[in-house]
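Engineer:
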Amino acid sequence: MKRLNSKSGCAVEVTLSVMGGTWKPIVLFHLLHGTKRFSELARAIPNVTQRMLTLQLRELEEAGIVARTVYAEVPPRVDYALTDMGRSLEPVLTAMRDWGLGYSQTQGEEQERLQVQSVQARCVA
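Here is the structure:
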């Protein structure tokens with residue numbers, strides 16, 4: 001598992017060491033909606049490789065954020081769900097989603113404004 005003692009003394013560093021990166025927040029966000037099988041997560045996050053998804057789930061399990069349940073069936077079935085500690089990340093994850101939506105909208109408006117200016121500049125010349 002990644003370090004729990006931060007070099008900077010900042011708790012944000014600890015949080016990022018547990019749930020940071022490209023894929024972990026996305027995996028956690030999908031698990032907010034309930035228990036998922038590996039294949040469901042893989043379909044929900046199409047750009048993640050199977051190896052990377054497995055690695056991220058193992059790290060989250062080791063950190064006590066995700067619980068893995070293996071069923072003795074043929075074929076074997078494995079479910080992933082948030083633990084209570086994982087569920088406590090819900091406000092953080094929804095705040096990240098909301099911020100991302102707002103940022104995307106702002107950046108989209110800025111890109112639109114720049115395109116209009118560019119077209120206007122070409123029309124003036």
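For the sequence shown, full-length UniProt numbering gives the first residue as 1, with consecutive numbering after it. No residue lacks a Cβ here, since even glycine has one placed at the ideal position from N, Cα and C.
(1) From Ile-45 to Ala-95, what does the alpha carbon distance come to, in whole angstroms?
(2) For the alpha helix (DSSP H) that contains Val-12, what are its first and last residues?
(3) Could you tell me which of Thr-106, Gly-21, Tyr-71 sits nearest to Leu-57, measuring between CA atoms?
(4) On a CA-only basis, which of Lys-7, His-30, Ser-17, Ala-11 is nearest Leu-93? Give me that one, please.
(5) Curious, which full-length alpha helix (DSSP H) runs of at least 4 residues does the UniProt domain "HTH hxlR-type" (10-108) contain?
(6) Using a Cβ-Cβ cut-off of 7 Å (strictly less than) and excluding sequence neighbours within five positions of Glu-112, which residues of its own chain qualify?
(7) So Thr-54 packs on Val-66, CB below 8 Å; how close in whole Å?
(8) Buried or exposed, going by whether 16 or more other CB atoms sit within 10 Å of the CB of Tyr-103?
(9) Would you kindly work out how many angstroms separate the C-alpha atoms of Leu-16 and Gln-107, rounded to a whole number?
(10) Below 8 Å between beta carbons: does that hold for Leu-60 and Val-27?
Structural biologist: Well, looking at it:
(1) In the sequence shown, the residue the question calls residue 45 occupies position 45. In the sequence shown, the residue the question calls residue 95 occupies position 95. Roughly 20 Å between the two C-alpha positions.
(2) Taking the first residue of the sequence shown as position 1, residue 12 is located at position 12. Note, Val-12: alpha helix (DSSP H), 11-19.
(3) On the sequence shown, position 57 is the one that residue 57 refers to. Of Thr-106, Gly-21, Tyr-71, the residue nearest in Cα terms is Gly-21.
(4) One-based indexing of the sequence shown puts residue 93 at position 93. The residue with the shortest Cα to Cα distance from Leu-93 is His-30.
(5) Those alpha helix (DSSP H) runs which fall completely within the UniProt domain "HTH hxlR-type" (10-108) and span 4+ residues are 11-19, 24-31, 38-44, 50-62, 84-87.
(6) Reading the sequence shown from its first residue, position 112 is the one you call residue 112. Here the set comprises nothing.
(7) On the sequence shown, position 54 is the one that residue 54 refers to. On the sequence shown, position 66 is the one that residue 66 refers to. Their Cβ separation, rounded to whole angstroms, is 12 Å, which puts Thr-54 and Val-66 out of contact at 8 Å.
(8) If you number the sequence shown from 1, residue 103 lands on position 103. It is exposed - the Cβ of Tyr-103 has fewer than 16 other Cβ atoms within 10 Å.
(9) In the sequence shown, counting from the first residue as 1, residue 16 sits at position 16. In the sequence shown, counting from the first residue as 1, residue 107 sits at position 107. Those two C-alpha atoms are separated by around 25 Å.
(10) The residue given as residue 60 occupies position 60 in the sequence shown. The residue given as residue 27 occupies position 27 in the sequence shown. Cβ atoms of Leu-60 and Val-27: closer than 8 Å.
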